[in-house]
Structure formats: structure tokens, C-alpha cells
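Below: one structure, written as C-alpha cells.
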């Protein structure tokens, strides 16, 4: 397994470099000045895949806010129904599964409104069972991809520990079979720090990210994701020397064909 991961890291760094616009190399030594670029989000057509309500904000909320400031067209697709995964407090309060899902969908709408995103779709796979539902969701995601023709697709990186997060790549793989589409995948981190080849400064949008996360009260009741998500963004600023950045988000950015090839290699090697 270690050999596979080492090979993946070398390959993604080498493959991604020609496909990222260079706005400035990180002023660091060793691995980062060979493999990671600072990138400025613009007015691209953007599609976000989020297994759960709040993954999109934790992984790329500050970056999405920068996209919207530049006039980008952003669609967020939630893959699961939000009924499971940490619903202890709501269940204790007597909320039924359907009610829990409705609460979290409402939270998602309010969170994304803080960013200025109104285009939202819920595919409603069972929370915790996304991998089993991947083939069934593929046609619906394919329809969205064909309609939006995104230039960038954000999704949890396939090395994430949570099985639903890894399964987002499986849904995309199924949806892309036979497709004539070209875009860049930006794998984001939620629970599992990744090896980035692309970093985005979010100093100007960190307060928006905080306001988005605060909308997810049902999630925050289970764990202080506000603390950990903002802490992760603070940690990522460590790649910038000289105090030039306080908060950043990190991605593995690859053309979709390369991203899915890496995912398949990882999946077969597990």
C-alpha cells in the first residue's frame, strides 16, 4: 500500500503541473516548489460534488466564495440524503430520519446562500451507503454534467477516510463512461489531509466560510467542525512564508481523465 501511495503522489504532482495556470510558485523549499501552485479562482463554470451537507463548505467554501465574487456559475450537488452520519442529537430530540434530512437540506440552502449559490441539487442516496448507490446515481449526475458543461468539478479526494467521500469519485467514474466532457477535477480535503498540488488563498473569504459553517447547527451539535475546518485552513497557510497568507484551501487538481485513472489505480490496489 505504501508503494502505491508513493507512486500516486509522484504521478499526480508530475501530471498536474502543465494543467494549472501559474500565478506564483509557493515560496517554500523541497517538495512544494516543485509540485504546488498558487491558483486564483475566477469565473469558471463550477460543479461541486458533496457527499454530505457541509462537506462543500469545509473542503472548498472559501474557494467557492472567490469563484462567486468573480461571477462564476456554481452548482452544488449533494449526493446523499443527510439522514445519517452524526444525527445523535436530532434523534435524541425525537426527530425522525425524514425530518433530519429536511433540516440538513434547509441548512445547506442557507449556508450556500451566504456564498451566493442558489443552484443546488439533492440526489438523495442513503447517507452512509453512497458506494452501493453509485451506479444508480450516475445517470442523474451525467445529466447535470451535460447540462452545465463545467470547467471545474470539486469533489472529495479519493484518499479520504470516509467511505462516502471516497465513493464520490466512484459516482463520477460511472457518470463519465462514454462521456465527451473535459474538465479539471479539484479533489478537496474534509477529514483527511491530502498532498496538494494547488492552493488557494482565502483570507478575503474566511469570514464567509465561517458564516456558512455556522448554518450547519445540526452538524455542529455533534462536533465542533467550525473549529477543525478553520484550523485546517489556517494550517494550509503554512505553505506561504513571510506572513503573506493566514488561511488557504488545498486541492489535488488534475484533468478528469488523469484523476479517474489515478482513482482506478488506487481502487484496484487496495
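Numbering (my numbering), first residue to last: 39 to 308.
Ideal Cβ positions, reconstructed from N, Cα and C, are used throughout, including at glycine.
Given the structure is predicted, the values throughout are model-derived calculations rather than measurements.
Asked                                                                                                           : Found
Whole-number beta carbon distance between residue 87 and residue 175, since they are thought to touch under 8 Å : Wrong, their Cβ atoms sit about 10 Å apart, outside the cutoff.
Of the listed residues 79, 305, 84, nearest to residue 197 (C-alpha basis)                                      : 305
In chain order, each alpha helix (DSSP H) run of at least 4 residues that lies wholly inside the region 145-196 : 168-186
Per-residue DSSP class, three states only, for residue 113                                                      : strand
C-beta atoms of residue 212 and residue 288 nearer than 8 Å                                                     : no
Distance, residue 208 Cα to residue 295 Cα                                                                      : 13 Å
Closest Cα partner of residue 310 within the set 81, 266, 242                                                   : Given a span of 39 to 308 for the chain in the structure shown, any question on residue 310 remains unanswerable.
Start-to-end residues for the beta strand (DSSP E) that takes in residue 234                                    : Per DSSP, residue 234 belongs to no beta strand (DSSP E) and is neither H nor E.
Nearest candidate by alpha-carbon position, reference residue 117, set 142, 99, 137                             : 142
Residue 84 - containing beta strand (DSSP E), residue span                                                      : 83-88
Exposure of residue 187, with buried meaning 16 or more beta-carbon neighbours within 10 Å                      : exposed
Short Cβ contact (8 Å threshold) for residue 171 with residue 164                                               : yes
Same chain, Cβ closer than 6 Å to residue 189, five either side skipped, listed in chain order                  : 82, 83, 221
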